[in-house]
């Protein structure tokens, strides 16, 4: 799946996560080239990492981007809804990071409007 799916417009609904929500990553996030100081493809956050929503922006007038502060990492990463679950929800690491190539293409907070 590319960056845009015309049938999926999240902005028709309220954000799935509110400010200060504690969330957990469902997938590994890699730098798509918009995160300063890191190489393209470098891992920014790993599956299972916990952080807090500190901003909510939009991308392509279709998707919410959640600025998630990963305290252990010390930085904020832009994440899509499909990459997050509530931190208190049961997390099962199946060891599979499907669509690994997709992570290099994912939007960052810099491309959103916070």
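In my numbering, the protein residues as written are 2 to 115. Glycine included, each C-beta is placed from N, C-alpha and C at the ideal position. Predicted model, so just to flag it, every value in this text is computed and none were measured.
*Three-pair Cβ contact test at 8 Å for the segment 64 to 74 versus the segment 38 to 53*: Verdict: yes, contact present.
*Nearest CA to the CA of residue 88: which residue from 11, 22, 33 and 14?*
Translated into positions along the chain shown, residue 88 becomes position 87. The residue with the shortest Cα to Cα distance from residue 88 is 22.
_Residue range of the beta strand (DSSP E) that includes residue 41_ = For the purposes of this step, residue 41 is identified with residue 40 of the chain shown, where counting begins at 1. From DSSP, residue 41 is part of no beta strand (DSSP E); its letter is neither H nor E.
*In angstroms, rounded to a whole number, what distance separates the CA positions of residue 62 and residue 20?*
One-based indexing of the chain shown puts residue 62 at position 61. One-based indexing of the chain shown puts residue 20 at position 19. Looking at the two C-alpha atoms, the distance is approximately 20 Å.
*Which whole-angstrom value is the C-beta distance of residue 49 and residue 85, which I expect to be below 8 Å?*
For the purposes of this step, residue 49 is identified with residue 48 of the chain shown, where counting begins at 1. For the purposes of this step, residue 85 is identified with residue 84 of the chain shown, where counting begins at 1. Going by Cβ atoms, the distance from residue 49 to residue 85 rounds to 12 Å, so no, they are not a contact pair.
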